[in-house]
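Respectively, the protein sequence lines represent chains X and H. Mapped onto the working numbering, the consecutive letters of the first sequence carry residue numbers 583 to 926. Mapped onto the working numbering, the consecutive letters of the second sequence carry residue numbers 583 to 926. C-beta atoms are modelled at their ideal positions from N, C-alpha and C, and glycine is treated no differently. Keep in mind that this is a model prediction, so the values were computed, not measured. Have a look at the structure below, then the notes.
Protein chains: 2
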Amino acid sequence: MLAEVEGSSASLAATAVGDYRDEATVLKFAAEVDVITFDHEHVPQPVLEALVASGVAVRPGPHALAVAQDKTVMRERLSAIGAPVPDWARVTDAGELGAFLADHGGVAVVKTPRGGYDGKGVRVVRAASDADDWFMSAGEAGLLVEQYVPFRRELAQLVARRPSGQLAAWPLVETVQRDGVCAEVFAPAPHAGVLADEARALAERIATELDVTGVLAVELFETDEGRLLVNELAMRPHNTGHWTIDGAVTSQFEQHLRAVLDLPLGDPSPLASVSVMVNILGGPSGEWMPDRYARAMADRPEVKLHSYGKESRPGRKVGHVTATGDELDDVVARARAAAAFFQG
Amino acid sequence: MLAEVEGSSASLAATAVGDYRDEATVLKFAAEVDVITFDHEHVPQPVLEALVASGVAVRPGPHALAVAQDKTVMRERLSAIGAPVPDWARVTDAGELGAFLADHGGVAVVKTPRGGYDGKGVRVVRAASDADDWFMSAGEAGLLVEQYVPFRRELAQLVARRPSGQLAAWPLVETVQRDGVCAEVFAPAPHAGVLADEARALAERIATELDVTGVLAVELFETDEGRLLVNELAMRPHNTGHWTIDGAVTSQFEQHLRAVLDLPLGDPSPLASVSVMVNILGGPSGEWMPDRYARAMADRPEVKLHSYGKESRPGRKVGHVTATGDELDDVVARARAAAAFFQG
């Protein structure tokens with residue numbers, strides 16, 4: 583494993599430390615391995631292409647990762663394969679944004695095509711001038727503008743795919759976002775009905791059409807009319823799949839490795855009727871409270887606590903808890919109670 | 583972690599490599615840590631005592647480990663606390679062995695007090711001269727001789743204990759031994775009835791009386807009369823607890839670390855109605871068949887496969903599989919089918 587920074591939590595498991603943007607560093611690391619995969623989408627395309635040229639298997643490949651790296655490319659590709667997405671446009675100035683607003687009830691969502699995460703690079707706009715600061719640095723690529731979707735809730739469908747084409751889908755989950763950050767995940771999504779099958783078929787189609795290998799996370803809106811729209815894609819183990827570590831026969835991490843190694847996929851079935859994951863964020867002071875670990879363990883022996891060993895910053899994900907059981911209300915309450923011990 | 587040999591599977595996770603019998607090596611390693619624990623019982627008592635003197639927490643402590651290191655000491659201590667054990671004696675020559683045989687129907691089991699495992703150092707004897715070779719090297723410590731117990735089956739009760747005294751017991755399991763080696767484990771033990779409560783109480787009492795910290799495995803006979811007798815003790819995560827990795831809310835490895843760190847213990851409840859573990863042994867040729875890994879994964883996506891990365895030798899444990907489900911017969915069949923792919 584190539585970690586970015588010495589002393590980071592990732593470096594504890596790493597065999598090398600270096601900059602993933604530096605072609606020589608990455609090629610040197612790749613010379614020792616059979617397959618390259620990623621836990622984020624930020625490796626530059628020239629580095630990815632150099633890896634392919636060097637002969638190492640890159641999974642997912644540059645062509646698939648390009649779709650996860652640029653939100654405008656993602657919308658283009660999803661539209662091209664007929665996946666349901668919000669109305670969208672690429673806009674390069676306030677005039678084009680104003681025209682989109684006029685066509686969509688005077689409200690829209692503007693996104694920077696690259697580099698956003700956890701609500702960063704996303705802004706609700708109501709005037710053509712609301713994105714002027716972003717246009718100044720956007721250049722020719724412009725910005726992505728999307729219809730503001732009235733939705734009942736957010737969902738996520740995770741699927742794994744091998745180079746040989748085999749697919750395995752975990753159950754559809756409901757995700758609760760706060761301030762643009764995933765706060766809670768309920769697995770399976772309560773009362774999903776036919777949407778569960780639709781979401782699975784949709785994610786499998788996207789994985790196949792985009793030639794994704796490894797885990798694909800499809801973040802979805804369930805609209806007020808009960809339709810599914812694709813919000814975002816991620817091509818790696820994803821926050822909405824952390825529940826699988828404790829709650830599924832095969833976790834997303836094991837499955838990602840099976841998939842990129844082109845080994846047969848494991849059973850994604852849940853182990854319990856209900857699993858609930860609650861993220862632990864750094865508190866307003868930039869603290870989280872690891873001294874409360876023992877109290878959380880004592881209070882909730884059945885809840886699994888995961889600390890990432892990361893330095894805390896306000897709102898940063900520094901860990902999560904997972905509870906499993908039979909009744910959603912009970913499991914949610916237990917998971918929240920355990921997570922509350924860590925909030926500063 | 584201190585691993586014994588460079589290049590071993592343990593060394594992949596180790597922060598140091600060295601001889602656990604060498605006091606200087608172990609003390610140097612211990613200077614960097616808060617708590618010392620073990621994955622075998624072979625660290626010599628003088629090294630353990632030096633660790634304690636150095637101020638590091640040693641869990642389990644030398645006084646507890648002494649009981650697991652010497653089978654005669656184990657029998658003495660278990661008898662002293664009134665735990666049910668087979669009739670036994672310490673014998674130092676053929677005459678004493680002959681007297682024991684005469685009192686026990688002409689058949690008995692002789693054990694070397696130290697260093698035995700997986701059936702090594704254990705012999706069924708029918709004549710006073712059957713252990714002459716072992717007496718020659720046994721010295722003053724002599725040999726342990728035990729009543730040959732007619733039993734219905736073998737069971738194991740695992741429990742974890744913290745220094746502060748908190749206990750947590752997994753369900754009683756049935757173990758199937760072949761040629762003195764654990765072959766299969768069924769969790770929970772089928773049709774255990776009241777024995778499950780008796781075994782739990784017994785293991786908790788042994789852990790408390792012997793001041794064990796960490797995981798204690800109590801291997802048991804269920805006699806033809808339906809009574810429990812203690813066969814062996816181990817003070818560490820144990821082969822009969824490997825099913826907990828995939829089949830329990832808290833695995834024996836997580837629990838052992840919680841216990842020796844004096845952190846609150848996790849829930850030992852099973853995740854499924856039935857879990858079955860089947861060991862994978864090196865084949866008669868000294869081979870096992872890792873090339874069949876992908877076929878086993880494809881054939882049994884719901885079974886979890888564990889390879890230890892060890893060099894194969896005939897009969898050596900090189901991995902295991904765990905299956906979970908609702909019906910014992912079905913789960914056993916699936917686990918055996920998966921394990922069969924690896925046999926040479």
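Within its chain, find whatever has a CB closer than 8 Å to the CB of residue i; leave out the 5 residues flanking it on each side and keep chain order.
i: G677/H; result: A710
i: D714/X; result: A676
i: R898/X; result: L863, G864, K892
i: Q834/X; result: L740, A742, W752, V797, P819, H820, G823, H824, T826, I827
i: H838/H; result: T619, A742, G796, V797, R818, P819
i: G747/H; result: T790
Let me confirm a value: residue i is counted as buried when at least 16 other C-beta atoms fall within 10 Å, else exposed. Which label applies?
i: A646/H; result: buried
i: G823/X; result: buried
i: K653/H; result: buried
i: R818/X; result: buried
i: G724/H; result: buried
i: D828/X; result: buried
i: L594/H; result: exposed
i: A841/H; result: buried
i: E728/H; result: buried
i: P753/H; result: buried
i: E807/H; result: exposed
i: I788/X; result: buried
i: E623/H; result: buried
i: V991/H; result: This structure cannot speak to residue 991/H, because chain H is shown only from 583 to 926.
i: V776/H; result: exposed
i: T597/H; result: exposed
i: I618/X; result: buried
i: P883/X; result: buried
i: M583/X; result: exposed
i: A769/X; result: buried
i: R603/H; result: exposed
i: R708/H; result: exposed
i: V587/X; result: exposed
i: V794/H; result: buried
Please list, in chain order, the chain X residues whose beta carbon lies closer than 7 Å to that of residue i.
i: P883/H; result: P846, L847, G848, D849
i: V831/H; result: E884
i: L584/H; result: Near L584/H there are no residues of chain X at all, since even the closest Cβ is about 17 Å away, more than 7 Å.
Apart from the five residues on each side of it in sequence, which residues of its chain come closer than 7 Å, Cβ to Cβ, to residue i?
i: L811/H; result: P666, V667, P668, V731, L802, F803, T805
i: P772/H; result: E756, L910
i: D908/X; result: S855, V856
i: E791/X; result: I663
Under 9 Å between beta-carbons, which chain H residues line up against residue i? List them in chain order, please.
i: M879/X; result: R840, L845, P846, L847, G848
i: E910/X; result: It is Leu, not Glu, that sits at residue 910/X in the sequence shown. None at all; the shortest Cβ gap to chain H is about 18 Å.
i: L647/X; result: Under the 9 Å cutoff, chain H gives no residues; its nearest Cβ is about 26 Å from L647/X.
So with CB distances below 8 Å, who are the chain X contacts of residue i?
i: A876/H; result: L845, P846
i: V615/H; result: Within 8 Å Cβ-Cβ: nothing; V615/H doesn't reach chain X, min ~15 Å.
i: L740/H; result: None at all; the shortest Cβ gap to chain X is about 16 Å.
I'd like the list of long-range same chain contacts for residue i, defined as Cβ closer than 6 Å, with 5 residues on each side in sequence excluded.
i: A750/X; result: A742, L847, P850
i: V900/X; result: I862, G864, W870, Y890, K892, S894
i: E766/H; result: V758, V860
i: R629/X; result: For the record, residue 629/X in the displayed sequence is Val; it is not Arg. E605, V608, listed in sequence order.
i: V914/X; result: V858
i: A785/X; result: Q739, V741, V800
i: T832/H; result: G848, D849, P850
i: D601/H; result: T607
i: A592/X; result: A585
i: F611/H; result: L584, A598
i: R659/X; result: V649
Residues of chain H with CB closer than 8 Å to the CB of residue i, please, in chain order.
i: L754/X; result: Going along chain H, no residue has its Cβ under 8 Å from L754/X, so there is no contact; the nearest lies around 20 Å.
i: L798/X; result: Going along chain H, no residue has its Cβ under 8 Å from L798/X, so there is no contact; the nearest lies around 18 Å.
Check the Cβ of residue i against every Cβ in chain X and list those closer than 9 Å, keeping chain order.
i: L594/H; result: By Cβ distance, chain X contributes nothing, its closest Cβ being about 10 Å from L594/H, past 9 Å.
Along chain H, in chain order, which residues have C-beta atoms closer than 7 Å to that of residue i?
i: L683/X; result: Within 7 Å Cβ-Cβ: nothing; L683/X doesn't reach chain H, min ~49 Å.
Next on the checklist: With a threshold of 8 Å, are at least 3 pairs of Cβ atoms found where one atom belongs to the stretch 888-904 of chain H and the other to the stretch 851-864 of chain H?
Outcome noted: yes
Checklist entry - Unbroken beta strand (DSSP E) runs of length 3 or more, entirely within the stretch 847-900 of chain X: which are they? => result 856-863, 886-889
Checklist entry - Would you say the stretch 681-696 of chain H touches the stretch 626-643 of chain H, given that touching needs at least three Cβ pairs under 8 Å? => result no
Checklist entry - Considering only residues of the stretch 675-704 of chain H, which uninterrupted alpha helix (DSSP H) runs meet the minimum length of 4 residues and lie entirely inside it, listed in chain order? => result 676-685
Checklist entry - Quick one: complete alpha helix (DSSP H) runs, 4+ long, within the stretch 765-852 of chain X? => result 776-791, 826-829, 834-842
Next on the checklist: Please give the ranges of any alpha helix (DSSP H) in the stretch 705-761 of chain H, keeping only runs that are unbroken, at least 4 residues long and fully inside the region.
Outcome noted: 714-720
Item to check | Whole alpha helix (DSSP H) elements within the stretch 604-661 of chain H, 4-residue minimum | outcome: 605-612, 627-636, 644-651
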